[in-house]
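Here's the structure, in structure tokens; my notes come after.
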Amino acid sequence: MIVAIDGPAAAGKSTVARQVAVRIGATYLDSGAIYRAVTWAALARGVDLDDPRACGDLAETLEIRLAPGDPHVLVSVDGRDVTREVRASDVSESVSRVAAHTPVRRAVTELSRQMMARGDWVCDGRDVGTVIVPNADVKVFLTADPARRAERRLRDLEASGHDHDLQRVLDDIVRRDHLDSTRADSPLTRAADAVVVDSSTRDADEVVEVILELVRTRVEAV
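All residue numbers for the sequence shown refer to my numbering, where the first residue is 66 and numbers rise by one.
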């Protein structure tokens, strides 16, 4: 069983995906964390973020590992724990630029597929159901009003010890939405067979129940 949850930034994908994975006994994969790891490494090493080849070469050489964590997955790059660093503002503001490069997307897609080769998985990201695992058993496109997403992102940043103001976070989300939806390679879009779930007025538990019902329906249909 593979459940793919796609959607824009701060729609609540990670929180929901993690809970769904626990409820169905699957492993959670945060593909966005992989892009963040590549972006952090590029920034740390002075790689030109607008150079597709340089960013792609870097992505292919990094040893990126993910492990369960709360509230975010634990991320290590070449043996170094960078869980906090990949959630910093400079990474959040740059990740869409790096993720737009075809060589980077190919590297992350390949790594994600290798991780999900066996077993049951719940994976969230921008192109999970359209590119990474287009044959996923359940596909969800999770969205929410930009203002609501900005409030959520601000809480996450504050919980991680990063100071921000709401307007700056909202501006960044709007900018990332534009970059994600207009990039040439694998733009953010809903898979034709994905179910749209709006979390603007739903809390995480309510969204989890909606997705679990989709999973139950899928299992019963097999």
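Backbone N, C-alpha and C fix where the C-beta goes; we use that ideal spot for every residue, glycine too.
Using the three-state DSSP reduction, which class does residue i fall into: helix, strand or coil?
i: GLY190; result: strand
i: ARG267; result: coil
i: SER157; result: helix
i: MET181; result: coil
i: GLY77; result: coil
i: VAL198; result: coil
Smallest Cα separation from residue i: which of the options?
i: ALA102; options: ARG170, VAL234, VAL198, ASP221; result: ARG170
i: VAL160; options: VAL280, ARG191, ARG178; result: ARG191
i: SER265; options: PRO168, ALA249, ALA215; result: ALA215
i: ASP242; options: MET181, HIS227, ASP95, ALA165; result: ALA165
i: PRO133; options: GLU158, HIS227, CYS188, SER251; result: CYS188
i: TRP186; options: VAL151, VAL147, ASP95, ALA76; result: ASP95
i: LEU222; options: VAL156, CYS120, SER177, THR104; result: VAL156
i: ASP116; options: ASP135, ALA86, ALA182, VAL163; result: VAL163
i: ALA182; options: THR92, LEU279, ALA75, GLU274; result: THR92
i: SER79; options: GLY144, VAL272, ARG118; result: VAL272
i: PRO73; options: ARG218, LEU231, ARG267; result: ARG218
i: HIS137; options: ALA75, GLU278, LEU207; result: ALA75
i: PRO211; options: SER251, PRO168, ASP263; result: ASP263
i: VAL198; options: ASP230, THR208, MET180; result: MET180
i: ASP71; options: THR208, ASP230, GLU278; result: THR208
i: ARG213; options: ALA224, ARG178, GLN232; result: GLN232
i: GLN84; options: GLU285, LEU277, ARG283; result: LEU277
Since residue i sits in a beta bridge, which residues does DSSP pair it with?
i: ALA69; result: CYS188, LYS204
i: THR92; result: TRP186
i: ALA132; result: LEU139
i: ASP146; result: SER141
i: VAL261; result: PHE206
Are residue i and residue j close, meaning C-beta to C-beta below 7 Å?
i: ALA107; j: LEU123; result: yes
i: ILE204; j: ALA69; result: The amino acid occupying residue 204 in the given sequence is Lys; Ile does not appear at that position. The answer is yes: Cβ separation under 7 Å.
i: ILE67; j: ALA201; result: yes
i: LEU127; j: VAL112; result: no
i: GLU158; j: ASP237; result: yes
i: ALA269; j: GLY77; result: yes
i: PHE206; j: VAL261; result: yes
i: THR167; j: ASP258; result: no
Among residues of its own chain, excluding the 5 on either side of residue i, which ones have a beta-carbon nearer than 7 Å to its beta-carbon?
i: VAL151; result: ALA98, ARG101, ALA102, TRP105, VAL140
i: ALA153; result: HIS227
i: ARG248; result: ALA165
i: ALA86; result: THR92, TYR93, VAL187
i: ALA172; result: GLY121, ALA124, GLU125
For residue i, which residues in the same chain have their Cβ closer than 8 Å to its Cβ, ignoring the five residues on either side in sequence?
i: LEU176; result: ILE99, ILE129
i: GLY184; result: ALA91, THR92
i: LEU114; result: THR104, ALA107, LEU108, CYS120, SER159, ARG162, VAL163
i: ASP146; result: LEU139, VAL140
Is any beta-carbon of chain B found at less than 7 Å from that of residue i?
i: VAL196; result: Of the protein chains in this structure there is only one, and it is not chain B.
So, at 6 Å on beta carbons, what are the nonlocal neighbours of residue i in its own chain, with the 5 sequence-adjacent residues on each side left out?
i: PRO252; result: SER246
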